[in-house]
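Working notes for the structure below.
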């Protein structure tokens, strides 16, 4: 097998991507392979900091906390060499190729006031399956986003988990509750969805719609592989939730050959100031959580939120203790 090196560093291009949703499944013989790395230029941006005290259910959701009243959301996981995890890489302009994997419903789990996975790949009109593992109510809001404005796809309450032990709000045993079922339906010209909880602003998840099976989510080193690509000329795109658009390059795929690529996002730190200010001595203090003599402990485990994709063989979400 021959290898073609195609190393190209790209900045951020904000482009409108309109999925065609038309694809023919065929048997691919002598297909090529695209391998590559997505990286982030410069220093890793700081985590977003959200006040636990100004969000409800602090006694339960505060299990994931700095211990000083803040919940951190780490959008960026960057390897020492700049490799960027949780980037969705996919091909456009491919009319036929290998079959889609039959993945069933797109699944999202809510546990400890955290949506998992952080990044999903979905198809238009795919069923959506959301399960609440928490003994509190969440408010599921899903938007399809675009540079010219967002649109509500879904807004429904997610009932609390009825199997959680009664009157034991701090008991973090988790049993799946009844699933909320719906369908992902994008408007023409849109392909990005954003899922958040209307009650807990730090609960977030993202999805990208694809119209062919040539996609991957980068691993902890920012690497990806797209095998069995029919010979041809296509567009290769990369998207990350913390960035403001896509980066794109044209690629030429030859039979039985491997194309090596590199794509780079420019550091967005100067555009991400809204949630980056966090005071170690929180100005409200935990005493504001005292109600009728009960003290809510938001320092139970002193954990911060690590967001790792669990799709397509990637590492599942974990909570890292600090």
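In my numbering, the protein residues as written are 30 to 351. Note that the Cβ used here is the ideal one computed from N, Cα and C, for glycine as well. All figures in this text were calculated on a predicted structure; none of them were measured in a lab.
Same chain, Cβ closer than 8 angstroms to residue i, neighbours up to 5 away in sequence not counted
i, result
"residue 264", "120, 121, 122, 277, 278, 279, 280"
"residue 212", "154, 155, 156, 157"
Distance, residue j Cα to residue i Cα
i, j, result
"residue 25", "residue 57", "No statement about residue 25 is possible, as the shown extent of the chain runs from 30 to 351 and does not include it."
"residue 290", "residue 66", "7 angstroms"
"residue 80", "residue 62", "45 angstroms"
"residue 147", "residue 282", "31 angstroms"
"residue 215", "residue 235", "14 angstroms"
"residue 135", "residue 171", "14 angstroms"
"residue 162", "residue 238", "26 angstroms"
"residue 167", "residue 83", "16 angstroms"
"residue 20", "residue 98", "Here the chain has residues from 30 to 351 only, and residue 20 is not among them."
"residue 256", "residue 85", "46 angstroms"
"residue 293", "residue 78", "26 angstroms"
"residue 219", "residue 173", "7 angstroms"
"residue 226", "residue 143", "9 angstroms"
"residue 369", "residue 88", "Since the first and last residues shown for the chain are 30 and 351, residue 369 lies out of range."
"residue 59", "residue 259", "8 angstroms"
Beta-carbon separation (whole angstroms), residue i vs residue j, contact threshold 8 angstroms
i, j, result
"residue 102", "residue 76", "6 angstroms"
"residue 189", "residue 165", "5 angstroms"
"residue 28", "residue 296", "Shown here, the chain extends from 30 to 351; a query on residue 28 therefore has no answer."
Residues that residue i bridges to, as DSSP identifies them
i, result
"residue 173", "180, 222"
"residue 112", "68"
"residue 167", "187"
"residue 122", "BP columns for residue 122 are empty, so no partner."
"residue 268", "117, 275"
"residue 149", "236"
"residue 86", "For residue 86, which the question treats as bridged, DSSP gives no partner whatsoever."
"residue 137", "159"
"residue 80", "99"
Chain-order list of residues whose beta-carbon lies under 7 angstroms from that of residue i (same chain, five-residue window excluded)
i, result
"residue 42", "Here the model assigns residue 42 a pLDDT of 42, short of 50, so the residue's position is not dependable, and the following value carries that caveat. Closer than 7 angstroms at Cβ, skipping near neighbours: 274, 275, 276, 277."
Contact set for residue i: own chain, Cβ-Cβ below 6 angstroms, skip 5 residues either direction
i, result
"residue 209", "159, 187"
"residue 244", "119, 150"
"residue 116", "67, 247, 267, 269"
"residue 114", "106, 247, 249"
"residue 53", "125"
Contact with chain D by residue i, beta-carbon distance below 9 angstroms
i, result
"residue 99", "In summary, chain D is missing from the structure at hand, where a single protein chain is found."
Limits of the beta strand (DSSP E) - the one that residue i falls within
i, result
"residue 253", "252-258"
"residue 58", "It is not in any beta strand (DSSP E) - residue 58 carries neither H nor E in the DSSP assignment."
"residue 245", "244-246"
"residue 132", "Residue 132 -> no beta strand (DSSP E), and no H or E assigned at all."
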